[in-house]
Amino acid sequence: MRIGIVCYPTFGGSGVLATELGKALAQEGHSVHFITYQQPVRLTEFLPNLYYHEVQVPTYPLFDYPPYETALASTLVDVIRNHDLELLHVHYAIPHASAAYMAKQILRTEGKDIPVITTLHGTDITLVGRDKTYEPVVTFSINQSDAITAVSENLRQETLNHFKIVKPIEVIHNFVDTARFRRKPIDAFRQVLAPKGEKILVHASNFRKIKRVQDVVRIFAAVRAEVPSKLLFIGDGPERSTAEELSRELGVFDCVRFVGKQDQIEDILSIADLFLLTSEYESFGLAALEAMAAGVPVISTEAGGLGEVNIDGKTGFTCAVGDVAGMSAHAIELLQDDQLLQQFREGARMQAASFDISNILPIYETLYQKVVEAYRS
Ligand code: GMT
2 MRIGIVCYPT
12 FGGSGVLATE
22 LGKALAQEGH
32 SVHFITYQQP
42 VRLTEFLPNL
52 YYHEVQVPTY
62 PLFDYPPYET
72 ALASTLVDVI
82 RNHDLELLHV
92 HYAIPHASAA
102 YMAKQILRTE
112 GKDIPVITTL
122 HGTDITLVGR
132 DKTYEPVVTF
142 SINQSDAITA
152 VSENLRQETL
162 NHFKIVKPIE
172 VIHNFVDTAR
182 FRRKPIDAFR
192 QVLAPKGEKI
202 LVHASNFRKI
212 KRVQDVVRIF
222 AAVRAEVPSK
232 LLFIGDGPER
242 STAEELSREL
252 GVFDCVRFVG
262 KQDQIEDILS
272 IADLFLLTSE
282 YESFGLAALE
292 AMAAGVPVIS
302 TEAGGLGEVN
312 IDGKTGFTCA
322 VGDVAGMSAH
332 AIELLQDDQL
342 LQQFREGARM
352 QAASFDISNI
362 LPIYETLYQK
372 VVEAYRS
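So, in structure tokens, the structure goes:
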């Protein structure tokens, strides 16, 4: 099948998922065309049937806000026409679903009909999309999609609760490649970061307010008082300096490392003992799933779809948003008992295996087949 994928090319979960999906589809023999404003961060390998088309957004002195959505829609028309695409799959509704709708209408005037699938990822629904500045366009363009998917049951419910959606939303959970995210014996790397055998805690995110990274620092300070340990922050974003400041205030700065945006996140995860995710909301929590695949138990909030991924008492623990004391107590409990930690490692790995790409990819392929066939008939 000839498939177009639109996503954010950054380190965010929706872009990561879309890129991994596209790569896996290409491995299966499909022709996959990424249409984005930058090379997606996880699009690193070359495959003859994997294409990247950059969206150029020309500026002009009149434009205080260069019209990205118009540029994207025009690029979509061009790529769909020239590569005779059969399907367009857009990840994150804003502004991808409406740009796809516009492209589809333009192509229709030329006699070409292309189905559009929109995958909802989280803040496109729960934060940004709900804003009344965007809501009418978001609702309209989601409803105009030929199929709608959400990455968790929680996100499906949130969408139905807050938007007038007239079509079914299929839940297709996010996935992980467990062959890539796995425990690896890289002890030398562990030695560098924790030379005295300290436990290693990790948080990875885009450091937005919704992640509550201050809670991560507070949990770590409580853990550090009981268990010799180190904290690694992966990623970057607006709240990084706040986290840095708080770790100084709490006297743990020397044990905290900010390692920035990392391509080889699986190497870091594979030496970690615990993953912390303190978000106010998470539609799914792909970063937690990747940690679990690497055999790292997760201490998280129970917000949004996190409970569909992190099973309380089995793969880690879930607590109410802001319950720093509860999350700290659970972290200490696990880190002080190697046998228990090992049991949770196993639980995390087993749960991640059920989200392996080999289970989820065929679900997407079946959906693709269904919408493309409906257009042919
Ligand atoms: O975490 C973010 O804010 C980034 C965002 C994105 O769209 O890139 O992530 C969302 O999509 C991920 C992939 O489906 C989910 O795993 C994240 O839980 C979700 N983030 C939120 O809902 C806050």
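If you're matching positions, the sequence shown starts at 2 in our numbering and goes up one per residue. Backbone N, C-alpha and C define an ideal beta-carbon position, used for all residues, glycine too.
Collapsed DSSP secondary structure at residue i in the structure displayed
{"i": "Q176", "result": "The sequence shown places Phe at residue 176, rather than the Gln named in the question. Reduced to three states, the DSSP call for F176 is coil."}
{"i": "V17", "result": "helix"}
{"i": "G3", "result": "The sequence shown places Arg at residue 3, not Gly. Strand at R3."}
{"i": "G236", "result": "coil"}
{"i": "L77", "result": "helix"}
{"i": "S378", "result": "coil"}
{"i": "T367", "result": "helix"}
{"i": "V91", "result": "strand"}
{"i": "F254", "result": "helix"}
{"i": "Y69", "result": "helix"}
{"i": "L51", "result": "strand"}
{"i": "L63", "result": "coil"}
{"i": "K113", "result": "coil"}
{"i": "L275", "result": "strand"}
{"i": "G318", "result": "One detail in the question is off: residue 318 reads as Phe in this sequence, not Gly. F318: strand per DSSP, three-state reduction."}
Alpha-carbon to alpha-carbon, residue j and residue i
{"i": "G30", "j": "I126", "result": "32 Å"}
{"i": "S248", "j": "V217", "result": "10 Å"}
{"i": "R201", "j": "A223", "result": "One detail in the question is off: residue 201 reads as Ile in this sequence, not Arg. Whole-angstrom Cα-Cα distance: 14 Å."}
{"i": "S206", "j": "D237", "result": "7 Å"}
{"i": "S355", "j": "G112", "result": "42 Å"}
{"i": "A288", "j": "N144", "result": "29 Å"}
{"i": "I4", "j": "Y376", "result": "14 Å"}
{"i": "A390", "j": "A304", "result": "What the structure shows of the chain is the stretch from 2 to 378, and residue 390 is not part of that stretch, so it cannot be assessed."}
{"i": "S329", "j": "V80", "result": "51 Å"}
{"i": "L368", "j": "T160", "result": "20 Å"}
{"i": "V139", "j": "L77", "result": "19 Å"}
{"i": "M103", "j": "G306", "result": "31 Å"}
{"i": "L22", "j": "L362", "result": "7 Å"}
{"i": "L335", "j": "V214", "result": "21 Å"}
{"i": "I173", "j": "E366", "result": "11 Å"}
{"i": "G89", "j": "E347", "result": "According to the sequence provided, residue 89 is Leu. The question's Gly does not apply to it. L89 and E347: Cα-Cα distance of roughly 38 Å."}
{"i": "H204", "j": "A332", "result": "13 Å"}
{"i": "T345", "j": "T134", "result": "Here residue 345 is Phe; the residue named in the question, Thr, does not match the sequence. F345 and T134: Cα-Cα distance of roughly 44 Å."}
{"i": "S32", "j": "K105", "result": "20 Å"}
{"i": "E227", "j": "A19", "result": "40 Å"}
{"i": "M2", "j": "E245", "result": "48 Å"}
{"i": "F64", "j": "V58", "result": "11 Å"}
{"i": "H84", "j": "H34", "result": "9 Å"}
{"i": "S359", "j": "R209", "result": "31 Å"}
{"i": "S108", "j": "A100", "result": "This sequence places Leu at residue 108; Ser is not what is there. In a straight line, the C-alpha of L108 is about 12 Å away from that of A100."}
{"i": "A180", "j": "M293", "result": "13 Å"}
{"i": "P169", "j": "I364", "result": "16 Å"}
{"i": "E250", "j": "F285", "result": "32 Å"}
First through last residue of the alpha helix (DSSP H) which encompasses residue i
{"i": "V257", "result": "No alpha helix (DSSP H) holds V257; the beta strand (DSSP E) holding it covers V257 to G261."}
{"i": "E291", "result": "L287 to A294"}
{"i": "S271", "result": "S271 -> no alpha helix (DSSP H), and no H or E assigned at all."}
{"i": "V391", "result": "In the structure displayed, the chain extends from 2 to 378; residue 391 sits before or after that span and is not available."}
{"i": "Y102", "result": "A94 to R109"}
{"i": "E250", "result": "R241 to E250"}
{"i": "L307", "result": "L307 to V310"}
{"i": "E347", "result": "D339 to S355"}
Bounding residues of the beta strand (DSSP E) (the contiguous stretch that carries residue i)
{"i": "I118", "result": "V117 to L121"}
{"i": "H31", "result": "Where H31 is concerned, there is no enclosing beta strand (DSSP E), given that its DSSP letter is neither H nor E."}
{"i": "N314", "result": "The identity of residue 314 in the sequence shown is Gly, whereas the question assumes Asn. Careful: G314 lies outside any beta strand (DSSP E) and carries neither H nor E."}
{"i": "V299", "result": "V299 to T302"}
{"i": "L44", "result": "No beta strand (DSSP E) holds L44; DSSP gives it neither H nor E."}
{"i": "E283", "result": "Premise fails: E283 is in no beta strand (DSSP E) and is neither H nor E."}
Residue i: CB within 6 Å of a non-hydrogen atom of the ligand PLP
{"i": "L44", "result": "Within the structure as shown, the ligand PLP is missing, the only ligands being the ligand GMT."}
Are at least three pairs of beta-carbons, each pair with one atom in the segment 179-197 and one in the segment 309-317, less than 8 Å apart? no
At which residue ranges does the segment 149-215 contain complete alpha helix (DSSP H) runs of 4 or more residues, listed in the order of the chain? 154-163 and 188-194
Between the segment 255-267 and the segment 146-156, can you find at least three pairs of beta-carbon atoms closer than 8 Å? No, the segment 146-156 does not touch the segment 255-267.
Evaluate the contact criterion for the segment 115-130 versus the segment 151-171: three or more CB pairs, one atom per stretch, below 8 Å. yes
I want to know whether the segment 277-284 touches the segment 248-258 - three or more CB-CB distances under 8 Å. no
Does the pairing of the segment 191-200 with the segment 315-328 give three or more beta-carbon distances under 8 Å? no
Secondary structure, alpha helix (DSSP H): runs of 4+ residues fully inside the segment 120-147: 124-127 and 136-145
Would you call the segment 38-46 and the segment 6-24 in contact, with 3 or more CB pairs under 8 Å? yes
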